[in-house]
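A short write-up of the structure that comes next.
There are 2 protein chains.
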Amino acid sequence: MTKPQSHGRETFEPVERAPEAQAEGFAIVRQAHESEMAEDYVELIAELIETRGEARPVDIAERFGVKPPTVTKNISRLRTAGLVRRERYRAVFLTEEGQALAEACRRRHRIVVAFLLSLGIDEETAERDAEGIEHHVSDETLEAFERKLDRT
Amino acid sequence: MTKPQSHGRETFEPVERAPEAQAEGFAIVRQAHESEMAEDYVELIAELIETRGEARPVDIAERFGVKPPTVTKNISRLRTAGLVRRERYRAVFLTEEGQALAEACRRRHRIVVAFLLSLGIDEETAERDAEGIEHHVSDETLEAFERKLDRT
DNA sequence: TAGATAATTTAGCCAAGGCTAACTTTTGTA
DNA sequence: TACAAAAGTTAGCCTTGGCTAAATTATCTA
């Protein structure tokens, strides 16, 4: 089934890593998961405000494929985190902090998508994979993506 | 702060996507999160068995940076899922299915790491980013990574 | 402008995956 | 071989992020 391959480490024994280093890596991944919700929301909210002037819970729910009560709950978490400002039963807006985060996330998202496209991946797949990948791309890796793009 | 860039879409308006397509993308990401635990565990268990003959909960806990009770709980979930076989108070082993999954995950992991290294990213960072990224790489994207590696 | 419809929230449920404290079993050694 | 230390489990707690059903508020339209 798995045809013999031959790039780099493929044939080496697994890289030996100190348990603590490995544990730290998993801690980073767990942490990334915790900020994913916030990042996805501010990103989408910024997009909705830009394209239609406001971000309504009903639209957020539709885009995420989630029910309205879930959005209400998450929005209130974002409010607690200081990323979002709003009045009950009204549309959602971003605080300064929320805007800054959204800006950074959208930039990263664009870079990841562009990078995947540059590998010859189709748009649909690039967009979907980027959604999951972007939250786990370190600054170093993002820079590497940019470098590759610039010399295309 | 953000210097003007110029790769691909960077300067375009956000890609307009149908809400359903976007929702499906997020559903896929959520699904990936649900299988992450299983994938990380079988991957590590396979590694431990290979390097020291058995996978003990205490070692699994250390590598993940997690407490033993968490490992017990998750192992029992894997058992329910048919990925793992074991007796109480004993080391953990993989079922056929578990081994197959571990094999696929390790292969994917190696490819992602090798690909990041090929971009000039340092080992430590490549290893850490791969940990998060690997679970969100589609078959198409994995193939694209392989193609790039093969022509290096 | 009143009443129907649409949007939002509240309350309460669930599973996942963390944790600590306390208990049991296994292992290693005096 | 008995007992101390190490490993594993159990019980019970917490937060996150889903859900449904039902209540409330806003909006649209006849």
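So the protein lines, in turn, are chains A and B.
For the first sequence, the positions run 194 to 345 when the working numbering is used.
For the second sequence, the positions run 194 to 345 when the working numbering is used.
Backbone N, C-alpha and C define an ideal beta-carbon position, used for all residues, glycine too.
Which first and last residues belong to the alpha helix (DSSP H) in which residue i is found?
| i | result |
| --- | --- |
| leucine 335/A | 332-343 |
| glycine 325/B | 316-326 |
| glutamate 255/A | 250-257 |
| alanine 270/B | Looking at the sequence provided, one finds arginine at residue 270/B rather than alanine. Element bounds for arginine 270/B: 261-273. |
Taking the C-alpha atoms as reference points, what is the distance between residue i and residue j?
| i | j | result |
| --- | --- | --- |
| methionine 194/B | threonine 265/A | Confidence is the limiting factor: at methionine 194/B the pLDDT is only 39, short of 50, which leaves the residue's position unreliable, though a coordinate-based value still follows. Going by the C-alpha atoms only, they are around 33 Å apart. |
| arginine 303/A | glutamate 247/A | 22 Å |
| glutamate 336/B | alanine 297/B | 13 Å |
| tyrosine 234/A | leucine 342/A | 27 Å |
| proline 261/A | alanine 254/A | 6 Å |
| phenylalanine 338/B | arginine 300/B | 12 Å |
| glutamate 290/A | arginine 270/A | 14 Å |
| glutamate 236/B | arginine 278/B | 15 Å |
| alanine 232/B | alanine 319/A | Rather than alanine, the amino acid found at residue 232/B in this sequence is glutamate. Cα to Cα, the separation comes out at about 22 Å. |
| arginine 321/A | alanine 214/B | 9 Å |
| glutamine 224/B | leucine 309/A | 21 Å |
| threonine 288/B | alanine 293/A | 48 Å |
| histidine 328/A | proline 212/B | 21 Å |
| threonine 345/B | phenylalanine 219/A | 30 Å |
| lysine 196/B | arginine 245/A | Model confidence at lysine 196/B stands at a pLDDT of 40, short of 50, so the residue's coordinates are unreliable; what they give is reported in the following sentence. Roughly 27 Å between the two C-alpha positions. |
| valine 306/B | valine 285/B | 27 Å |
| glutamate 324/A | valine 222/B | 7 Å |
| threonine 273/B | asparagine 267/B | 10 Å |
| serine 367/A | alanine 239/A | This structure leaves residue 367/A out entirely; chain A is present only between 194 and 345. |
| aspartate 315/B | arginine 283/A | 47 Å |
| leucine 312/B | isoleucine 326/B | 15 Å |
| alanine 216/B | arginine 256/A | 5 Å |
| glutamate 333/A | arginine 281/B | 44 Å |
| glycine 258/B | methionine 230/A | 23 Å |
| threonine 263/A | glutamate 243/B | 43 Å |
| arginine 249/B | leucine 276/B | 16 Å |
| arginine 210/A | glutamate 317/A | 36 Å |
| leucine 226/A | alanine 295/A | The question names leucine, yet the displayed sequence has histidine at residue 226/A. If I take the Cα positions, the gap works out to 17 Å. |
| leucine 241/A | valine 251/A | 11 Å |
| arginine 340/B | serine 228/B | 26 Å |
Compare the C-beta of residue i against all C-beta atoms of chain A and say whether one is closer than 8 Å.
| i | result |
| --- | --- |
| glutamate 333/B | yes |
| lysine 349/B | Absent from the model: residue 349/B. The displayed extent of chain B is 194 to 345, so no value can be given. |
| glycine 218/B | yes |
| glutamate 289/B | no |
| leucine 309/B | yes |
Is there at least one Cβ from chain B nearer than 8 Å to residue i's Cβ?
| i | result |
| --- | --- |
| glutamate 203/A | No answer about glutamate 203/A holds up, because its pLDDT of 42 lies below 50 and its placement is not dependable. |
| leucine 271/A | no |
| valine 222/A | yes |
| isoleucine 314/A | yes |
| valine 235/A | no |
| alanine 337/A | yes |
Looking at the strands, I want to know which residues DSSP matches up with residue i.
| i | result |
| --- | --- |
| phenylalanine 286/A | Arg278/A |
| alanine 231/B | According to DSSP, alanine 231/B bridges with nothing at all. |
Could you name the residues of chain B that residue i contacts, counting a contact when the two beta carbons are closer than 7 Å?
| i | result |
| --- | --- |
| arginine 210/A | Glu320 |
| phenylalanine 257/A | Ala216 and Phe219 |
Chain A partners of residue i, CB-CB under 9 Å?
| i | result |
| --- | --- |
| isoleucine 253/B | Those do not exist, as isoleucine 253/B stays about 10 Å from chain A at its closest Cβ, beyond 9 Å. |
| valine 330/B | Asp322, Gly325 and Ile326 |
Taking Cβ-Cβ distances shorter than 9 Å, what residues in chain B pair up with residue i?
| i | result |
| --- | --- |
| alanine 295/A | By Cβ distance, chain B contributes nothing, its closest Cβ being about 11 Å from alanine 295/A, past 9 Å. |
Can you pull the chain A residues whose beta carbon is under 7 Å from the beta carbon of residue i, in chain order?
| i | result |
| --- | --- |
| alanine 225/B | Gly325 |
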